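Undergrad: Chains as they are written, first to last, in this note's numbering: chain A, 473 to 786; chain B, 1088 to 1624.
By construction, the Cβ of each residue, glycine as well, lies at the ideal position given by its N, Cα and C atoms.
Small disclaimer: the values here were computed from a predicted structure and weren't measured.
Questions regarding the structure given below will be posed in turn.
Given below as structure tokens:
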């Protein structure tokens, strides 16, 4: 459920009072004018009132119904403006988190380098999201917090919020971004400040520990970091791109420069598929949907992935 | 020509002999009434296609997960629904059909100023439509970008997006040609004595619309040329990969597409301003206020495009300026509503189908307009932007406003256009189905949007399920209404009783003084105007 709680973020009460005023005025006019309309139709229907009275207009009424709506909309304008202004005034001590969007997943990178697919934030502390889009325009939308900002490739933008309430809230992508737009979602998890600090410390070390010991877990964390699961499954089912299951040690037909050829899935093929995804496109899948991860996935991470894919092919 | 004129005086324009045979007597005719009907048949055909696409979308959204189609099909369908409904139906809509047919008659002219240009604009329209629809059958499949073609997604998609944009470009020329024609017609061909303030309100709104068509439409052309430059010569206008700015695309797109909303709605307001006094048997309340508000909407409407981009990352100054101007443009619309309702005060109202459409127009237009207030204010817009609320809002304005006015117009002018009458009872039944279905379809979307459901969503989380079911059921009721209305009108045009009365509703504007259907040149003698168009004394 959408959190209707007023303190899910500090913006909620101001935005919702603007809603209340605007919808209140709107509904009043809708019902009042509709009531008058229906009354006139019944009262002045031809069978009841066979002869109309000649009236050309009234300057007095024209002035009244110009001035009154003008005042009302100006009040609405200022409500909207002041409610929005507080969303642009980012506190200096806000905790910065880099929010990354790409087709069709979000990732969050914290100051210490930790990357998650769900945003985890401390309660009662201002958080600033630096928004980055890697391919097309996406939009960071957290309904329960009443915030939204487009994530435009090549442009820097940010939003901030502060939550006073423990819980998990939905994140949707609000700007249409292609095939799996409606599946591009994540969550914000608000936890106690002390718990957050502890989590930050522990998880950083766990991630590092994983890199050395548990190969399988390390591979999974790489997939989650780059949001690969948005398009590729691990169970053999077809999504936007081919599944990872059985990718190593089998042969497939790919299209290279418009020509079909057979390719054996080895380490070189995995590397090429990640660094130059549009060079060999598996037959039956679309070209151009995946962008190159050459500058992102490190050699070490690539090794984790290969280890993990091996375990899927066993 | 002048000799034939006298021979053909009392022959309906439908029966006039032409040097062409069969369908060619229509598609090569420069008679403004035939051109109007050509537009009517084309637009209604595209409308039916658009409705079917919309119905398929509603069916898909009836339950979460896959219902009848996969996401690629859904994304293509909402794109086509938008392209067809906006560019092929609503933008040409009222001016092309009823403007062409009635503008010359209402101002006492024999035709528009440039009849050949008028025919050309229909041909350009057809070519544009065919180019846009060719995207369906060629290349990498129908476009899946949404009718807004936002960069850089539209440059990345493998689907066939260029024909749709090119189609919009060609359609733009059709729009410009009609605009030029109407402006010259209104300036030059008004009957003697018809001063500007004796001009009926539908021509007034066509006048305002025509200026927008001429001044705003070229932006589409410029934008297309920039897209071509980017794709062929790698000039980075919009694609950040080439150093371009995607926000620039949004500005250019909305500089045209927002005024386009007023191209759509102004003529609808004109139609309502004709129907209400006729059925109230009473002069329209505040004629001058309605004229001034029409021009005010046409003017201020140019400067509000930025309200489509409140979350795009524009500067704060741009945001509050656009928000402020958006609120200003709401006022003339409110003034019109007050004047229409005021007209009914102490009226003598004939309760007939065209009036029901006009009265229900007021209701749906108010919902559309008032819901727009929450989108104009910055703080509330941020929450609602790109949600189902926006979809509900513009369907109430564009489909509620223009659609109800179009239905009202066709029921109002039907006896004049065909010289026959439809079944009035069935017309009212059709209206009831349509009205109930329409509201059941679109009202739940307001709640979905407030609750946070983004638009252009193929699938959704479980809590959005309930309102989506209601909405889908509404679409069935509305389609039942459309079928009843279409069948009734087609039967009426073919077999309906012939109307002997030139003026069945008791209207005061000039079209009610000519034959039904009108003769080739409308008037035997050009009338001299010595009164206001709504003098019911």
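Taking DSSP as the reference, what is the three-state secondary structure of residue 661 of chain A?
TA: The residue given as residue 661 of chain A occupies position 189 in the first chain. Strand, per DSSP.
Undergrad: Residue 1624 of chain B versus chain A: which residues are under 8 Å apart at the beta carbon?
TA: Locating residue 1624 of chain B in the second chain gives position 537, counting from the first residue. Here the neighbours are 526.
Undergrad: In the DSSP assignment, what residue or residues form a beta bridge with residue 620 of chain A?
TA: Within the first chain, residue 620 of chain A is the residue found at index 148, counting from 1. Paired residues: A:613.
Undergrad: Assign residue 777 of chain A to buried or exposed, taking buried as 16 or more other Cβ atoms, counted over all protein chains shown, within 10 Å of its Cβ.
TA: Locating residue 777 of chain A in the first chain gives position 305, where the first residue counts as 1. Flag for residue 777 of chain A reads buried.
Undergrad: Could you tell me the distance, in whole angstroms, from the CA atom of residue 1596 of chain B to the CA atom of residue 1602 of chain B?
TA: On the second chain, position 509 is the one that residue 1596 of chain B refers to. On the second chain, position 515 is the one that residue 1602 of chain B refers to. Residue 1596 of chain B and residue 1602 of chain B: Cα-Cα distance of roughly 13 Å.
Undergrad: What residues in the segment 1403-1425 of chain B have a beta carbon less than 7 Å from any beta carbon of chain A?
TA: So the list reads 1403, 1407, 1410, 1411, 1414, 1417, 1418, 1421, 1422, 1424 and 1425, given in the order they occur along the chain.
Undergrad: Please work out which residues of its chain come closer than 7 Å, Cβ to Cβ, to residue 1090 of chain B, disregarding the five sequence neighbours upstream and downstream, and give them in chain order.
TA: The sequence position of residue 1090 of chain B within the second chain is 3, counting from 1. The pLDDT assigned to residue 1090 of chain B is 43, lower than 50, so where the model puts this residue is not dependable, and the model offers no usable value.
Undergrad: Mind pulling the beta strand (DSSP E) runs of 3 or more residues that sit fully within the segment 484-528 of chain A?
TA: Counting only runs of 3 or more, we get nothing.
Undergrad: In three-state terms, what does DSSP make of residue 1277 of chain B?
TA: Taking the second chain and counting its residues from 1, one reaches residue 1277 of chain B at position 190. DSSP places residue 1277 of chain B in coil when its eight states are reduced to three.
Undergrad: Exposed or buried, what is residue 1355 of chain B when buried is set at 16 or more other beta-carbons lying within 10 Å of its beta-carbon?
TA: Here the question's residue 1355 of chain B lines up with position 268 in the second chain. By the 10 Å Cβ count, residue 1355 of chain B comes out buried.
Undergrad: Determine, using beta-carbon pairs with one atom in the segment 1260-1268 of chain B and one in the segment 1201-1217 of chain B, whether at least three such pairs fall under 8 Å.
TA: Touching, yes.
Undergrad: Examine the Cβ distances between the segment 1349-1369 of chain B and the segment 1383-1394 of chain B and report whether three or more of them are shorter than 8 Å.
TA: At 8 Å Cβ cutoff, the stretches touch.
Undergrad: Establish whether the CB of residue 775 of chain A and some CB of chain B are separated by less than 8 Å.
TA: Translated into the one-based positions of the first chain, residue 775 of chain A becomes position 303. Cβ-Cβ to chain B under 8 Å: no for residue 775 of chain A.
Undergrad: Taking a cut of 7 Å between CB atoms, which residues from the segment 1318-1347 of chain B lie near chain A?
TA: Listed by position along the chain: 1327, 1333 and 1334.
Undergrad: Along the alpha helix (DSSP H) that carries residue 736 of chain A, what are the first and last residues, could you check?
TA: The count along the first chain starts at 1 and reaches residue 736 of chain A at position 264. Note, residue 736 of chain A: premise wrong, no alpha helix (DSSP H); beta strand (DSSP E) at 731-736.
Undergrad: Got a sec: is the Cβ-Cβ distance from residue 521 of chain A to anything in chain B below 8 Å?
TA: Counting from 1 along the first chain, the entry for residue 521 of chain A is found at position 49. Taking Cβ atoms only, chain B reaches closer than 8 Å to residue 521 of chain A, which makes this a yes.
Undergrad: Report yes or no: do three or more beta-carbon pairs, one from the segment 1524-1542 of chain B and one from the segment 1473-1486 of chain B, lie closer than 8 Å?
TA: They touch, by the three-pair rule.
Undergrad: For residue 651 of chain A, count neighbouring C-beta atoms within 10 Å of its own C-beta (all shown protein chains included) and say buried if the count is 16 or more, exposed if not.
TA: In the first chain, residue 651 of chain A corresponds to position 179, counting from 1. Buried, by the Cβ-count rule.
Undergrad: With a CB to CB cut of under 8 Å and the five nearest residues on each side skipped, what residues in its chain are close to residue 598 of chain A?
TA: Translated into positions along the first chain, residue 598 of chain A becomes position 126. Around residue 598 of chain A: 562, 563, 565, 566, 567, 632, 633 and 634.
Undergrad: For residue 1412 of chain B, which residues in the same chain have their Cβ closer than 7 Å to its Cβ, ignoring the five residues on either side in sequence?
TA: Locating residue 1412 of chain B in the second chain gives position 325, where the first residue counts as 1. Correct list, in chain order: 1387, 1390 and 1391.
Undergrad: Within a Cβ cutoff of 8 Å, which residues of the same chain sit near residue 774 of chain A, ignoring the five residues on either side of it in sequence?
TA: Numbered from its first residue, the first chain carries residue 774 of chain A at position 302. Cβ within range, chain order: 742, 743 and 746.
Undergrad: Since residue 1126 of chain B and residue 1183 of chain B are thought to touch, with beta carbons under 8 Å apart, how far apart are those beta carbons, to the nearest angstrom?
TA: Along the second chain, one-based indexing puts residue 1126 of chain B at 39. Along the second chain, one-based indexing puts residue 1183 of chain B at 96. Going by Cβ atoms, the distance from residue 1126 of chain B to residue 1183 of chain B rounds to 4 Å, so yes, they are a contact pair.
Undergrad: Check for me: the alpha helix (DSSP H) holding residue 1283 of chain B runs from which residue to which?
TA: Against the second chain, residue 1283 of chain B aligns to sequence position 196. Premise fails: residue 1283 of chain B is in no alpha helix (DSSP H) and is neither H nor E.
Undergrad: Could you list the residues in the segment 524-549 of chain A with a C-beta less than 8 Å from some C-beta on chain B, going in chain order?
TA: Taking 8 Å as the Cβ-Cβ cut-off against chain B, the residues of the segment 524-549 of chain A that qualify are 524, 525, 526, 527, 528, 529, 530, 533, 534, 537, 538, 541, 542, 545, 546, 548 and 549.
Undergrad: Using a Cβ-Cβ cut-off of 7 Å (strictly less than) and excluding sequence neighbours within five positions of residue 1502 of chain B, which residues of its own chain qualify?
TA: Here residue 1502 of chain B is taken as the residue at index 415 of the second chain, counted from 1. Around residue 1502 of chain B: 1508, 1586, 1591 and 1603.
Undergrad: Applying a beta-carbon distance threshold of less than 8 Å, which residues of chain A neighbour residue 1458 of chain B?
TA: Taking the second chain and counting its residues from 1, the one referred to as residue 1458 of chain B is at position 371. 498, listed in chain order.
Undergrad: Going by CA-CA distance only, name the one from B:1279, B:1527, B:1568 and B:1269 that's closest to residue 1559 of chain B.
TA: Here the question's residue 1559 of chain B lines up with position 472 in the second chain. When only C-alpha atoms are compared, the closest one is B:1527.
Undergrad: How about residue 624 of chain A and residue 559 of chain A: are their beta carbons less than 8 Å apart?
TA: Taking the first chain and counting its residues from 1, the one referred to as residue 624 of chain A is at position 152. Taking the first chain and counting its residues from 1, the one referred to as residue 559 of chain A is at position 87. Against a cut-off of 8 Å, the Cβ pair of residue 559 of chain A and residue 624 of chain A comes out as no contact.
Undergrad: Which residues in chain B have a C-beta closer than 7 Å to the C-beta of residue 516 of chain A? List them in chain order.
TA: Here residue 516 of chain A refers to the residue found at position 44 when the first chain is read from its first residue. Simply 1431, 1433, 1434, 1435 and 1436.
Undergrad: Quick check on residue 574 of chain A: buried or exposed, where buried means 16 or more other Cβ atoms within 10 Å of its Cβ?
TA: Residue mapping note: residue 574 of chain A aligns to position 102 of the first chain, counting from 1. Label assigned to residue 574 of chain A: buried.
Undergrad: Would you be able to state if there are at least three C-beta pairs under 8 Å between the segment 1371-1379 of chain B and the segment 1421-1432 of chain B?
TA: Taking 8 Å as the limit for Cβ pairs, the verdict is that the segment 1371-1379 of chain B does touch the segment 1421-1432 of chain B.
Undergrad: Do we get a CB-CB distance below 8 Å when we pair residue 494 of chain A with the residues of chain B?
TA: For the purposes of this step, residue 494 of chain A is taken as the residue at position 22 of the first chain. Closer than 8 Å to some Cβ of chain B, the Cβ of residue 494 of chain A qualifies, so yes.
Undergrad: Report yes if the CB atom of residue 517 of chain A is closer than 8 Å to the CB atom of residue 1438 of chain B, and no otherwise.
TA: Translated into positions along the first chain, residue 517 of chain A becomes position 45. Translated into positions along the second chain, residue 1438 of chain B becomes position 351. It is a contact, given that the beta carbons lie within the stated cut-off.
Undergrad: Looking at the strands, I want to know which residues DSSP matches up with residue 1538 of chain B.
TA: The residue labelled residue 1538 of chain B in the question sits at position 451 within the second chain. The partner list for residue 1538 of chain B (beta bridge, DSSP) is empty, contrary to what the question assumes.
Undergrad: With a threshold of 8 Å between beta-carbons, can residue 551 of chain A be considered close to chain B, or not?
TA: Sequence index remark: in the first chain, residue 551 of chain A carries index 79 (1-based). Closer than 8 Å to some Cβ of chain B, the Cβ of residue 551 of chain A qualifies, so yes.
Undergrad: So, for residue 1169 of chain B: in the same chain, excluding its five sequence neighbours on each side, which residues have a beta-carbon less than 6 Å away from its beta-carbon?
TA: Translated into the one-based positions of the second chain, residue 1169 of chain B becomes position 82. Closer than 6 Å at the Cβ level, and outside the excluded window around residue 1169 of chain B, lie 1234.
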